[in-house]
Amino acid sequence: MYIGTSEWKETIVTGARSLGIDVQPGQADQFAAHALILKEWNQKINLTAIDSPIDMAVKHFLDSIISSRYIKPDSRLLDVGSGAGFPGIPLKVMMPSLNVILVDATRKKISFLKHVIQALHLSRIAAIHSRIEDLQQEWDGRFDIIVCRAFSSLADFAEKCLPLLAPDGLLLAFKGKEFATDLDQASTQKGSEVFLVAGKDTHIKLQMKLMSFKLPYLNLSRTLILLRR
Numbered sequence: 046m047y048i049g050t051s052e053w054k055e056t057i058v059t060g061a062r063s064l065g066i067d068v069q070p071g072q073a074d075q076f077a078a079h080a081l082i083l084k085e086w087n088q089k090i091n092l093t094a095i096d097s098p099i100d101m102a103v104k105h106f107l108d109s110i111i112s113s114r115y116i117k118p119d120s121r122l123l124d125v126g127s128g129a130g131f132p133g134i135p136l137k138v139m140m141p142s143l144n145v146i147l148v149d150a151t152r153k154k155i156s157f158l159k160h161v162i163q164a165l166h167l168s169r170i171a172a173i174h175s176r177i178e179d180l181q182q183e184w185d186g187r188f189d190i191i192v193c194r195a196f197s198s199l200a201d202f203a204e205k206c207l208p209l210l211a212p213d214g215l216l217l218a219f220k221g222k223e224f225a226t227d228l229d230q231a232s233t234q235k236g237s238e239v240f241l242v243a244g245k246d247t248h249i250k251l252q253m254k255l256m257s258f259k260l261p262y263l264n265l266s267r268t269l270i271l272l273r274r
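Quick note: the sequence shown uses this note's numbering, first residue 46, plus one each step.
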């Protein structure tokens, strides 16, 4: 199997169906275009260590779109540390009505993201070169959904992104087996309530929900951590 072939696209369609998600042929075509551009650019700049066809399909695209079931149409979505565009671009492909901002601190990655956006003819999506801390003044309280696969610390993610979140917004973190270690940073956890230790004197009170699932083909354990004020 090769990236972008009919077999590769069918792998995504079938895998998504096993997760209860319907991927249309045109959406699979856009995923293939994204993946092929990533494969080409990855030879010049370090965008991802994931390069095998099955890993690309599962670990990047299927992993990204699993969160679509928790996102409402027309939401304003921020993808923090977007890197090669995951999960923001696949989510935009699945939900065209989303208004998406992709943020990354590496300029070369932003150049890649802008190229993909143009190649896929996506609208209402932009890639911005910035650190998340520098966005707070301009984007304060703007986003309904903030997603991230890159932050090492859940508390750090919450502390830096909460100022950008709308009052009824959702923080959504993607985690693997290590999520339990991340949650150990919570000072207390009672039912759905968690207090994240974000600094020496900073405790953030949030409502938390964990959604665990297995990615098809590779049988990988993944957890989505949903956080609300």
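Note that CB positions come from ideal geometry on N, CA and C, so glycine has one too.
If you're wondering where the values come from, they're calculated on a predicted model, not measured in any experiment.
Original post:
Which residues share a DSSP beta bridge with THR268?
Top reply: As a working mapping, residue 268 is identified with position 223 in the sequence shown. LYS220 and SER257.
**OP:** Given a cut-off of 8 Å, decide if VAL148 and LEU24 are closer than it, judged by their beta-carbon atoms.
**Re:** Because the chain in this structure spans residues 46 to 274, residue 24 falls outside the shown range and cannot be described.
Subject >> Cα-Cα separation between PHE188 and LEU263, rounded to whole angstroms >> reply: Position 143 of the sequence shown, counted from the start, is the residue given in the question as residue 188. Position 218 of the sequence shown, counted from the start, is the residue given in the question as residue 263. When rounded, the distance between both Cα atoms is 33 Å.
**OP:** Rank GLU52, LYS153 and LEU207 by C-alpha distance to the C-alpha of ILE177 and give the top, closest one.
**Re:** The residue given as residue 177 occupies position 132 in the sequence shown. The shortest C-alpha separation from ILE177 is found at LEU207.
Subject >> Cutoff 7 Å; reference VAL161; Cβ partners in own chain excluding five residues on either side >> reply: Along the sequence shown, one-based indexing puts residue 161 at 116. So the qualifying residues of the chain are HIS79, ILE82, GLY130 and ILE134.
**OP:** Could you spell out the range, first to last residue, of the alpha helix (DSSP H) harbouring ALA77?
**Re:** The sequence position of residue 77 within the sequence shown is 32, counting from 1. That run of the alpha helix (DSSP H) goes 70-86.
Original post:
How many Å lie between LEU165 and LEU136 at the Cα?
Top reply: As a working note, residue 165 is residue 120 in the sequence shown. As a working note, residue 136 is residue 91 in the sequence shown. Distance between the alpha carbons of LEU165 and LEU136 is about 13 Å.
**OP:** Determine the burial state of MET46: buried for a count of at least 16 other Cβ atoms within 10 Å of its Cβ, exposed for fewer.
**Re:** As a working note, residue 46 is residue 1 in the sequence shown. By the neighbour-count rule (16 or more Cβ atoms within 10 Å), MET46 is not buried but exposed.
Original post:
For LEU64, which three-state DSSP category applies?
Top reply: Here residue 64 refers to the residue found at position 19 when the sequence shown is read from its first residue. In this structure, LEU64 counts as coil in the three-state DSSP scheme.
**OP:** Assign ASP108 to one of two classes, buried (16 or more other C-beta atoms within 10 Å of its C-beta) or exposed (fewer than that).
**Re:** By 1-based counting over the sequence shown, the position of residue 108 is 63. Buried, by the Cβ-count rule.
**OP:** May I ask which residues mark the beginning and end of the alpha helix (DSSP H) holding ASP201?
**Re:** Taking the first residue of the sequence shown as position 1, residue 201 is located at position 156. Element bounds for ASP201: 199-206.
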